[in-house]
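First up is the structure itself, then whatever we jot down about it.
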Amino acid sequence: MNTFGDFLYELRKEKGLTQAELAKILGVTNKAVSKWETGEAMPETSQLVPISRVFGVTVDELLSGARAETAEEKLNGESIKCEIKSHVFTRGKDEEVKTFAEKICGIVCGVVMFASLLTYLLLGAIANLWHPYWVIVPTGALACGIIGVIGDVCNPLKREKKFSKGENPYTGCACAVIMLSCVIVYLLVSVITGLWHPLWIIVAAGGAVCFVIGAAGDISNRKK
27 MNTFGDFLYE LRKEKGLTQA ELAKILGVTN KAVSKWETGE AMPETSQLVP
77 ISRVFGVTVD ELLSGARAET AEEKLNGESI KCEIKSHVFT RGKDEEVKTF
127 AEKICGIVCG VVMFASLLTY LLLGAIANLW HPYWVIVPTG ALACGIIGVI
177 GDVCNPLKRE KKFSKGENPY TGCACAVIML SCVIVYLLVS VITGLWHPLW
227 IIVAAGGAVC FVIGAAGDIS NRKK
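Start counting the sequence shown at 27; every next residue gets the next number (my numbering).
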């Protein structure tokens with residue numbers, strides 16, 4: 027690899043000089059300049075400073091075969107690198123912008139969970155009803171799941187992502203709401219009646235309904 031010769035050739039072209047003109051300025055022959063550029067020979071040490079002055083570069087730059095980065099270029103380069111890293115690490119966050127409906131859902135979920143925990147703790151501490159009323163906490167959590175699913179389907183960006191993947195966000199939302207509701211009903215009724223074993227059919231029935239809804243949604247997507 028002829029680093030010096032290639033760099034000298036580029037500098038000469040940038041300056042608009044011919045080999046003959048450069049040779050005349052440096053007091054050497056055309057053949058000498060040609061050999062420098064083809065890598066057949068290197069200029070004498072005494073010629074390096076005059077060459078660097080002709081092209082406005084340093085001797086170090088001549089020997090390395092490239093211009094050194096200026097402080098501004100380095101700063102710009104670091105700035106670009108920082109922007110790239112920032113984009114890589116924040117890409118997902120920037121893409122998913124929460125809608126007003128999602129923010130409301132988040133607030134409601136917080137209130138529901140806080141109320142569930144507070145109610146359970148008060149009933150347990152005051153009335154010593156720790157055992158039957160533990161169901162309040164998972165019920166609140168499942169209710170938050172329903173609220174979250176509804177919030178997701180209200181986000182147009184998330185809906186478009188689902189559609190692009192061949193999924194129907196509305197059928198997905200319906201199935202999630204049905205299953206979570208079935209689990210809530212199962213927990214509440216089972217705690218009240220104590221019939222945990224036979225009432226599992228509620229969850230199984232919810233799963234069957236979701237299967238039908240999901241199949242219908244897939245058929246609808248294929249037709250579109």
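Glycine is no exception: its CB is placed at the ideal position from the N, C-alpha and C atoms. All values reported here derive from a predicted model rather than from experimental measurement.
On a CA-only basis, which of the options is nearest residue i? Give me that one, please.
{"i": "Ile228", "options": "Glu186, Cys236 and Val211", "result": "Val211"}
{"i": "Lys41", "options": "Ser78, Gly65 and Ala67", "result": "Ser78"}
{"i": "Val163", "options": "Trp62, Gly150 and Gly174", "result": "Gly150"}
{"i": "Glu128", "options": "Leu155, Leu225, Ala92 and Val179", "result": "Val179"}
{"i": "Trp160", "options": "Thr29, Ala241 and Leu147", "result": "Leu147"}
{"i": "Pro182", "options": "Arg93, Gly132 and Pro195", "result": "Pro195"}
{"i": "Glu87", "options": "Gly31, Leu155 and Val203", "result": "Gly31"}
{"i": "Cys208", "options": "Gly177, Lys188, Ala242 and Gly171", "result": "Gly171"}
{"i": "Leu206", "options": "Val175, His223, Cys135 and Glu193", "result": "Val175"}
{"i": "Pro158", "options": "Ile51, Ala202, Ile218 and Ala67", "result": "Ile218"}
{"i": "Gly82", "options": "Thr71, Ser142 and Ala94", "result": "Ala94"}
{"i": "Leu74", "options": "Ala202, Leu52 and Thr145", "result": "Leu52"}
{"i": "Ala242", "options": "Ser216, Trp226 and Ala200", "result": "Ala200"}
{"i": "Gly136", "options": "Leu155, Ala169, Phe126 and Trp156", "result": "Ala169"}
{"i": "Leu225", "options": "Glu63, Gly240 and Leu213", "result": "Leu213"}
{"i": "Ala202", "options": "Gly240, Ile133, Val59 and Ala49", "result": "Gly240"}
{"i": "Val235", "options": "Glu193, Val54 and Thr197", "result": "Thr197"}
{"i": "Gly177", "options": "Gly220, Ile130, Leu155 and Ser190", "result": "Ile130"}
{"i": "Gly166", "options": "Trp222, Val134 and Leu37", "result": "Val134"}
{"i": "Met139", "options": "Ile173, Ala230, Phe126 and Ala49", "result": "Ile173"}
{"i": "Ser60", "options": "Leu155, Arg38 and His223", "result": "Arg38"}
{"i": "Lys50", "options": "Ala67, Glu36, Thr29 and Pro76", "result": "Pro76"}
Which residues mark the beginning and the end of the alpha helix (DSSP H) in which residue i is found?
{"i": "Glu63", "result": "Asn56 to Thr64"}
{"i": "Val211", "result": "Pro195 to Thr219"}
{"i": "Cys170", "result": "Ile162 to Val179"}
{"i": "Ala92", "result": "Taken as a continuous stretch (DSSP letters only), Ala92 belongs to no alpha helix (DSSP H), as it is neither H nor E."}
{"i": "Gly42", "result": "Per DSSP, Gly42 belongs to no alpha helix (DSSP H) and is neither H nor E."}
{"i": "Pro76", "result": "Thr71 to Phe81"}
{"i": "Lys184", "result": "Pro182 to Ser190"}
Here's the rule: buried if 16 or more other CB atoms are within 10 angstroms of the residue's CB, otherwise exposed. What is residue i?
{"i": "Leu89", "result": "exposed"}
{"i": "Thr44", "result": "exposed"}
{"i": "Gly65", "result": "exposed"}
{"i": "Ala153", "result": "exposed"}
{"i": "Ser72", "result": "exposed"}
{"i": "Gln33", "result": "Inspection of the sequence shows that residue 33 is occupied by Phe rather than by Gln. When all chains shown are included, Phe33 counts as buried."}
{"i": "Glu142", "result": "Here residue 142 turns out to be Ser, not Glu, going by the sequence shown. Flag for Ser142 reads buried."}
{"i": "Gly220", "result": "exposed"}
{"i": "Leu22", "result": "A question about residue 22 goes unanswered here, because the residues of the chain that appear run from 27 up to 250."}
{"i": "Glu186", "result": "exposed"}
{"i": "Gly233", "result": "exposed"}
{"i": "Trp62", "result": "buried"}
{"i": "Ala231", "result": "exposed"}
{"i": "Val238", "result": "exposed"}
{"i": "Ala46", "result": "exposed"}
{"i": "Arg117", "result": "Because the pLDDT of Arg117 is 46, which lies under 50, any placement of that residue in the model is unreliable, and the question is left without a value."}
{"i": "Ala58", "result": "buried"}
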